[in-house]
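Q: Residue numbers (UniProt numbering): 1 to 488.
A virtual CB, placed ideally from N, CA and C, is assigned to each residue, including glycine.
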């Protein structure tokens, strides 16, 4: 990392960014990923596709300066970002071709293999100054009509949260449409010079007051000490396992409508399904499960002149809340010949919805909800705290992070006439994925809905914390729950 110290300093890392940097350096958490399938109306050979991708990324990087930022001294309370002066895309963009035709079923083994490898690979490179992100282009086989590929964007968590990956693909999609209209793609260079005037957004604490509630409500509101399950204790080194569960557009729409009819968000409904699927696989002596639900803080950011919209703000702008689901919140089939997995009543979903509503409604004098991440402002040495957590019990059984539906394409903003490239490029199903969190929940789930209308759920877990067979059983119960076993 000594080679990057010579580069221009951008700014110090904020506390939220320090959490990610320390986690990365200590091996507790590797990275975040957002993948999207793109369909082009024209057939492009690999050399042409490389030129198209390079031209696209050039525009995206110039538009989003955080992509040329690299954190330095990750363990130090004085960690800071530097700006790379140039990028060679050949060092961070990999092109692969699928071995078999992509099938729109509930699994994608080739993509899962790629993502599992990515989520076990950090950014501690000794091969010179490289960006703290990677892009893999997994091209469809030649058997498919037109030209299609899956773009997997994997990045260091200090550069951004899950929503940052969504913003990347919005920007990538717009730039791709523009690149497809270029008269000559062969001139596209893989080398990019970064502007000397390039800056990044301020850290979270400079954009949000981060009010701290001096008398917070505990997620275990009853005061009872119920028997919980959280997997095996916190341990390193960490190896992540990863699987994706794709749900059909029909099943996803039906589930979303069921939630709506009961006055629930999809996140609340999915939380209930996941908790129920876990309860069904765990001993009856487990009476409660704690779940973590991340909260996007962008609606409360004060960006001023820094960015056109908070929806375009790449960065780490998240908080989280905890919810305790009791076994009695969930009900299970007993007399049915067709065992449909987890069956959750309204209680679990409504309890989750009330917890989220309580977070949103518990506003500080300045008008923003009180935040949990504010507590880290008082911790000077985050690395020391994280090191002390090894071998300690976990706080939660599961985490469920829902990015919602990928926003529909807006008018292109890269000098492309309205309607000029309609139909040239379409985004289909998407995947939100992460490495396991060494000090976090035993099971991490990441949810997004692509433009195909189907929900995808990325499942991450750590070797030695939970058995693969248990995760697979929970996944199957979750699938059955969403597709018809849940009665909200």
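If we count the other Cβ atoms within 10 Å of its Cβ and call it buried at 16 or more, is residue 351 buried or exposed?
A: When all chains shown are included, residue 351 counts as buried.
Q: In whole angstroms, what is the alpha-carbon distance linking residue 199 and residue 225?
A: Between residue 199 and residue 225, the C-alpha separation is close to 49 Å.
Q: Please report the residue range of the alpha helix (DSSP H) in which residue 387 lies.
A: Counting along the chain, the alpha helix (DSSP H) containing residue 387 begins and ends at 382-387.
Q: Look up residue 69 in the DSSP assignment and give the residues it is bridged to.
A: Residue 69 pairs with 83.
Q: Using a Cβ-Cβ cut-off of 7 Å (strictly less than) and excluding sequence neighbours within five positions of residue 470, which residues of its own chain qualify?
A: Result list for residue 470: 281, in chain order.
Q: Could you give the residue range of the beta strand (DSSP E) that holds residue 320?
A: That run of the beta strand (DSSP E) goes 318-326.
Q: Are there three or more Cβ pairs, one per stretch, closer than 8 Å when the segment 278-296 is compared with the segment 308-319?
A: As far as the Cβ criterion goes, the segment 278-296 touches the segment 308-319, which means the pair count is three or higher.
Q: Which runs of the alpha helix (DSSP H) spanning at least 4 residues fall entirely within the segment 229-282, listed in chain order?
A: The segment 229-282 contains these whole alpha helix (DSSP H) runs: 249-261 and 266-281.
Q: Please classify residue 109 as buried or exposed, where buried requires at least 16 other C-beta atoms within 10 Å of its C-beta.
A: Exposed is the call here.
Q: Confirm, please, whether the CB-CB distance from residue 138 to residue 98 is below 9 Å.
A: Yes, the pair counts as a contact, with Cβ atoms nearer than the cut-off.
Q: Between 268, 15 and 111, which lies nearest to residue 324 when the distance is taken from Cα to Cα?
A: Of the listed residues, the one whose Cα sits closest to residue 324 is 268.
Q: Assuming residue 362 contacts residue 213 under a Cβ cut-off of 8 Å, what Cβ separation, rounded to an integer in Å, is found between them?
A: With a Cβ gap of about 7 Å, residue 362 and residue 213 count as contacting.
Q: DSSP state of residue 462, grouped into three classes?
A: Residue state, collapsed to three classes: strand.
Q: So what's residue 175 in DSSP terms, helix, strand or just coil?
A: The answer is helix: DSSP assigns residue 175 an H, G or I state.
Q: Within the same chain, show all residues whose beta-carbon is closer than 6 Å to that of residue 457, passing over the 5 residues directly before and after it, in chain order.
A: If we look at residue 457 and ignore the five residues flanking it on each side, its Cβ neighbours are 245, 445 and 447.
Q: For residue 375, is the classification buried or exposed, using 16 other Cβ atoms within 10 angstroms of its Cβ as the cut-off for buried?
A: The residue is exposed, with fewer than 16 neighbouring Cβ atoms inside 10 Å.
Q: Please return the same chain residues whose Cβ sits closer than 8 Å to the Cβ of residue 209, not counting the five positions on each side in sequence.
A: Cβ within range, chain order: 364, 366 and 368.
Q: Can you tell me where the beta strand (DSSP E) holding residue 196 begins and where it ends?
A: Counting along the chain, residue 196 falls outside any beta strand (DSSP E), and DSSP gives it neither H nor E.
Q: By the DSSP assignment, the beta strand (DSSP E) with residue 399 in it spans what residues?
A: Residues 398-405.
Q: For residue 194 and residue 4, what's the separation of their Cα atoms in angstroms?
A: Approximately 15 Å between the Cα atoms of the pair.
Q: With distances taken from CA atoms, which of 349, 378, 276 and 312 is nearest residue 477?
A: With distances taken between Cα atoms, residue 477 lies closest to 276.
Q: Using C-beta distances below 6 Å, list every residue in its chain close to residue 489, excluding the 5 sequence neighbours before and after it, in chain order.
A: Because the chain here runs from 1 to 488, residue 489 falls outside it and cannot be looked at.
Q: Would you mind sorting residue 401 into buried or exposed? The rule is 16 or more other CB atoms within 10 Å of its CB.
A: By the neighbour-count rule (16 or more Cβ atoms within 10 Å), residue 401 is buried.
Q: For the beta strand (DSSP E) that contains residue 38, what are its first and last residues?
A: From DSSP, the beta strand (DSSP E) with residue 38 extends over 32-40.
Q: Could you give the C-beta distance for residue 82 and residue 9, rounded to a whole number, given that I count them as a contact under 8 Å?
A: The pair is a contact, with the Cβ atoms about 6 Å apart (cut-off 8 Å).
Q: Residue 206 bridges to which residues according to DSSP?
A: Answer is none; residue 206 lacks a bridge partner.
Q: Opposite residue 134 in the DSSP bridges: which residues?
A: Note: residue 134 sits in a beta bridge opposite 154.
Q: Does residue 377 come out as helix, strand or coil in the three-state DSSP assignment?
A: DSSP places residue 377 in helix when its eight states are reduced to three.
Q: What do you get for residue 234, buried or exposed, if any count of 16 or more other CB atoms within 10 angstroms of its CB means buried?
A: It is buried - the Cβ of residue 234 has at least 16 other Cβ atoms within 10 Å.
Q: In this structure, what does DSSP give as the bridge partners for residue 191?
A: Looking at the DSSP assignment, residue 191 forms a beta bridge with 88.
Q: Between which two residues does the beta strand (DSSP E) holding residue 292 run?
A: It spans 288-296 - the beta strand (DSSP E) in which residue 292 sits, taken as one unbroken run.
Q: Might you give, ordered along the chain, the residues of its own chain that have their beta carbon closer than 7 Å to the beta carbon of residue 312, omitting 5 neighbours on each side?
A: Same-chain partners within the cutoff: 167.
Q: Look at the alpha carbon of residue 211 and the alpha carbon of residue 17, and state the distance between them as a whole number of angstroms.
A: The alpha-carbon atoms of residue 211 and residue 17 are separated by roughly 18 Å.
Q: Is residue 7 near the ligand FMN, judged by its Cβ being under 8 Å from some heavy atom?
A: Only the bare structure without any ligand can be found here, which leaves the ligand FMN out of the picture.
Q: Within 9 Å (strictly less), CB to CB, does residue 321 reach chain D?
A: Protein chain content of the structure displayed is limited to a single chain, and chain D is not contained in it.
Q: Just the C-alpha distance for residue 356 and residue 371, rounded to the nearest angstrom, thanks.
A: Cα to Cα, residue 356 sits roughly 12 Å from residue 371.
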